[in-house]
Amino acid sequence: MRTSASTRRKLISVAAVSAALFTAATTVAVAQEPAPREAAVPTAQTEAAPGAAAERLIVGYKSGAAEAKSNKAAETDAAAKGKEAGEDLDFQRRLGSGAALVDLGENLTRTDVADVVAEYQADPQVAYVVPDRLNKPLATPNDTEYTKQWDLFETTAGMNVPGAWDVATGTGVTVAVIDTGYVSHSDLGANIVAGYDFISDTAVSNDGNGRDSNPADTGDWTTDGQCSDDWTATTSSWHGTHVAGTIAAVTNNSKGVAGIAYGAKVSPLRVLGQCGGYDSDIIDAITWASGGTVSGVPANTNVAKVINMSLGGGGACSTATQSAINAAVNRGTAVVVAAGNSNANAANYSPASCNNVISVAAADRQGNRSYYSNFGSVVDIAAPGGETNSVTANGILSTLNSGAQGPSSESYEYYQGTSMAAPHVAGLAALMKSANASLTPAQIESAIKTNSRTLPGTCSGGCGAGLADAAKTVQAVSGSSGGSTGGTTFTSSGAVSVPDNGAAVESSITVSGRSGNAPSALQVGVDITHTYRGDLVIDLVAPDGSTYRLKAASSSDSADNVSTTYTVNASSETANGTWKLRVQDTAAQDTGRINSWKLTF
1311 MRTSASTRRK
1321 LISVAAVSAA
1331 LFTAATTVAV
1341 AQEPAPREAA
1351 VPTAQTEAAP
1361 GAAAERLIVG
1371 YKSGAAEAKS
1381 NKAAETDAAA
1391 KGKEAGEDLD
1401 FQRRLGSGAA
1411 LVDLGENLTR
1421 TDVADVVAEY
1431 QADPQVAYVV
1441 PDRLNKPLAT
1451 PNDTEYTKQW
1461 DLFETTAGMN
1471 VPGAWDVATG
1481 TGVTVAVIDT
1491 GYVSHSDLGA
1501 NIVAGYDFIS
1511 DTAVSNDGNG
1521 RDSNPADTGD
1531 WTTDGQCSDD
1541 WTATTSSWHG
1551 THVAGTIAAV
1561 TNNSKGVAGI
1571 AYGAKVSPLR
1581 VLGQCGGYDS
1591 DIIDAITWAS
1601 GGTVSGVPAN
1611 TNVAKVINMS
1621 LGGGGACSTA
1631 TQSAINAAVN
1641 RGTAVVVAAG
1651 NSNANAANYS
1661 PASCNNVISV
1671 AAADRQGNRS
1681 YYSNFGSVVD
1691 IAAPGGETNS
1701 VTANGILSTL
1711 NSGAQGPSSE
1721 SYEYYQGTSM
1731 AAPHVAGLAA
1741 LMKSANASLT
1751 PAQIESAIKT
1761 NSRTLPGTCS
1771 GGCGAGLADA
1781 AKTVQAVSGS
1791 SGGSTGGTTF
1801 TSSGAVSVPD
1811 NGAAVESSIT
1821 VSGRSGNAPS
1831 ALQVGVDITH
1841 TYRGDLVIDL
1851 VAPDGSTYRL
1861 KAASSSDSAD
1871 NVSTTYTVNA
1881 SSETANGTWK
1891 LRVQDTAAQD
1901 TGRINSWKLT
1911 F
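Okay, here's the thing in structure tokens:
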């Protein structure tokens, strides 16, 4: 469905609104272009926005607030704050993470929006308020005719996938592809299971309706000026289908391409449409994919153990998005994301900069960081993403559709981008879970890093642990409880009570007999009993007093207990000495204890 001029104007005006939304907000019109940045915001309550920020806010309330659990209370609160700010605010819905989505209305000035944000920030029951941001696909497509999947098997910079197939093919694992949805393709259809269309805004969906159980990709083509005043028309990308084919295209069927985890299933979750997709829809997709509950959406019968998000834009990871990712990881789902295509520090892009994700940079056929790929300390690993020059076409071949607008005939095309690198790692994660179902998300990440190989080319700025190696990684974890994730383990002794809404408590582990510094993937296993874990703040304290935040308080996390493994880059810390786990309950009504914790070097 074509959007009207007035509807399109409301959608594209979000860039102007984002400038008013937070004085330090970052805005970008296209995800592949660097964003202008202003001064940092000196509070955790406001955060930079990736993509064009929306005319809506995501509001997280503290666990004890009535608004955290009652839609009526959240609606009343929005109306009251709007009245104080002189604006008409409208509570839209409850996100799967527990946060409230609040519409700001139209034609707000910078001062108007600042007044609304200030009202929420002044409320002691509000944990955070962030913009509902517009994300973009991160592919850089091309139409070359090179016909080999070098990314799977070439010894220089391929991911050594065939060597893993003797051990696992992904059987028994579902991968959620949070993207543009799925367009029918005979080389992929047998491995597609039910997903969901999470796009709630018809100006984005292009299918004539809001959320429903049909994740079919109707095309994300655009017209001149549709997404911004200087926007140039685009044809449909069929981005989600290309990503899905890399992960699980049907293999050994005498046609088309091979999928990395061709025994796995793909659940397509549609969040990106014309001009991109909103954080609020992506948050609900993350929640639902990992087995969480989203109001108005039926329970997920295809819970994913791996999520792939080849999407994003400029700006730090928001508290709202981080909360949804943390909850997914706590449910046992590994989250793989694209680092971004702006040849810039991935720390300034989301979800690449989120914690508890595997952030993937792109490598070219020679094993160099692809010219467009983001880089930096938040990048965990590199994988084939492709690159094109004037002599040879070195992109990633996968399933696609020939339609310039709506679906037409099925096809195969070469794309390049970190969007193409991420599903290589998501496919690898599926192989690992198929080989060893007991692996946690932290163990998956650690094993991928530990068993990577050195990039044969160069990577200025940092590409994580190296180039992912499927055969080495899958063989390492096969038949074990973590394989190479382990080494020497030091465990605490004795439980420590965590007082209700009191001072932080600490449990200590003394490490000795190690040489040099701690690893870049130090494993911190935590076992805490608590009746409302969203109240907990958990830090790792190094021997020199440096602290590493493992878990922040979250009003949207109402589950009990913390039993998980965190991965910490502690490579700047001396290994030997006394390490501490510091835990604080930040709200009333709940108590708990640190049962035990451990460090694995």
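When we follow the numbering used here, the leftmost residue of the sequence shown carries the number 1311, and every step to the right adds one.
Every residue gets a Cβ at the ideal spot worked out from N, C-alpha and C, and that includes glycine.
{"query": "Have a look at the DSSP bridge pairing and note the partners of Gly1569.", "result": "None; Gly1569 has no bridge partner."}
{"query": "Report the residue from Thr1783, Thr1709 and Glu1394 whose alpha carbon sits nearest the alpha carbon of Gly1566.", "result": "Thr1709"}
{"query": "Could you check where the alpha helix (DSSP H) with Pro1733 kicks off and where it finishes?", "result": "Thr1728 to Ala1745"}
{"query": "Just list the beta strand (DSSP E) runs in the segment 1543-1604, keeping only unbroken ones of 3 residues or longer that don't cross its boundaries, in chain order.", "result": "1575-1580"}
{"query": "Distance, Cα to Cα, Ala1654 vs Asn1879?", "result": "21 Å"}
{"query": "Any idea what DSSP makes of Glu1755, helix, strand or coil?", "result": "helix"}
{"query": "Under a three-way DSSP split, which group does Pro1441 fall into?", "result": "strand"}
{"query": "Need the endpoints of the alpha helix (DSSP H) that Glu1394 sits in, please.", "result": "Asn1381 to Ala1395"}
{"query": "For a quick check, are the C-beta atoms of Asp1870 and Asn1811 less than 8 Å apart?", "result": "no"}
{"query": "Buried or exposed: which applies to Ser1447, given that a residue is buried once 16 or more other Cβ atoms fall within 10 Å of its Cβ?", "result": "At residue 1447 the sequence reads Pro, which differs from the Ser that was named. The residue in question, Pro1447, is buried, as its Cβ has 16 or more Cβ neighbours within 10 Å."}
{"query": "From what residue to what residue does the beta strand (DSSP E) around Trp1475 run?", "result": "Taken as a continuous stretch (DSSP letters only), Trp1475 belongs to no beta strand (DSSP E), being part of the alpha helix (DSSP H) at Pro1472 to Trp1475."}
{"query": "Out of Ser1817, Trp1460, Asn1665 and Ile1758, state which residue places its alpha-carbon closest to the alpha-carbon of Asn1704.", "result": "Trp1460"}
{"query": "By the 10 Å Cβ neighbour count, where 16 or more other Cβ atoms means buried, how is Asn1501 classified, buried or exposed?", "result": "buried"}
{"query": "Going by C-alpha distance, which of Asp1442, Gly1491 and Gly1587 is nearest Ala1409?", "result": "Asp1442"}
{"query": "Touch check for the segment 1581-1588 and the segment 1737-1744: three-plus C-beta pairs under 8 Å?", "result": "no"}
{"query": "Anyone know if the C-beta pair for Ser1680 and Gln1726 falls short of 8 Å?", "result": "yes"}
{"query": "Buried or exposed: Ser1633, going by 16 or more other Cβ atoms within 10 Å of its Cβ?", "result": "buried"}
{"query": "How would you write the range of the beta strand (DSSP E) that Ser1817 sits in, first residue to last?", "result": "Val1815 to Val1821"}
{"query": "Let me check one thing: in DSSP terms, what residues is Gln1894 bridge-paired to?", "result": "Val1847"}
{"query": "Touching or not, the segment 1682-1701 and the segment 1638-1654, by the rule of three or more beta carbon pairs under 8 Å?", "result": "yes"}
{"query": "Between Gly1529 and the rest of its own chain, which residues show a CB-CB distance below 6 Å, the 5 nearest in sequence each way excluded?", "result": "Ser1546, Gln1715 and Gly1716"}
{"query": "List the whole-angstrom C-beta distance separating Ala1912 from Ile1368, where the pair is believed to meet the contact cut-off of C-beta under 8 Å.", "result": "An answer regarding residue 1912 cannot be provided, because it is not within the stretch 1311 to 1911 covered by the chain."}
{"query": "Identify which residue in Ala1731, Ser1719 and Thr1799 has its Cα closest to the Cα of Ala1828.", "result": "Thr1799"}
{"query": "Under 8 Å, with one C-beta from each stretch per pair, do the segment 1844-1853 and the segment 1877-1893 reach the 3-pair mark?", "result": "yes"}
{"query": "Spell out the partners DSSP gives Asp1507 in its beta bridges.", "result": "Asp1522 and Arg1580"}
{"query": "Spatial neighbours of Gly1480 within its chain, please: C-beta separation below 6 Å, excluding the five flanking residues on both sides.", "result": "Ala1571, Gly1573, Ala1574, Ala1740, Leu1741 and Ser1744"}
{"query": "Where Ser1590 and Gly1826 are concerned, what is the direct C-alpha to C-alpha distance, given to the nearest angstrom?", "result": "44 Å"}
{"query": "Less than 6 Å between C-beta atoms, sequence neighbours within five positions excluded: which residues of the same chain meet that for Lys1782?", "result": "Asn1761"}
{"query": "Starting from Ala1672, trace the beta strand (DSSP E) both ways and give me its first and last residue.", "result": "Ile1668 to Ala1673"}
{"query": "In terms of alpha-carbon separation, which member of Ser1719, Leu1765 and Ala1692 lies closest to Ser1729?", "result": "Ala1692"}
{"query": "Just curious, the alpha helix (DSSP H) that Gly1420 is in, first and last residue?", "result": "In the sequence on display, residue 1420 carries Arg and not Gly. From DSSP, the alpha helix (DSSP H) with Arg1420 extends over Arg1420 to Gln1431."}
{"query": "For the segment 1533-1552 against the segment 1367-1385, do three or more pairs of beta-carbon atoms, one drawn from each stretch, fall closer than 8 Å, so that the two count as touching?", "result": "no"}
{"query": "What residue does the alpha helix (DSSP H) around Ala1634 start on, and which one ends it?", "result": "Thr1629 to Asn1640"}
{"query": "Would you mind sorting Arg1404 into buried or exposed? The rule is 16 or more other CB atoms within 10 Å of its CB.", "result": "buried"}
{"query": "Could you tell me the alpha carbon to alpha carbon distance between Ala1609 and Ser1577, rounded to whole angstroms?", "result": "14 Å"}
{"query": "Residue range of the beta strand (DSSP E) that Ala1692 falls in?", "result": "Ile1691 to Pro1694"}
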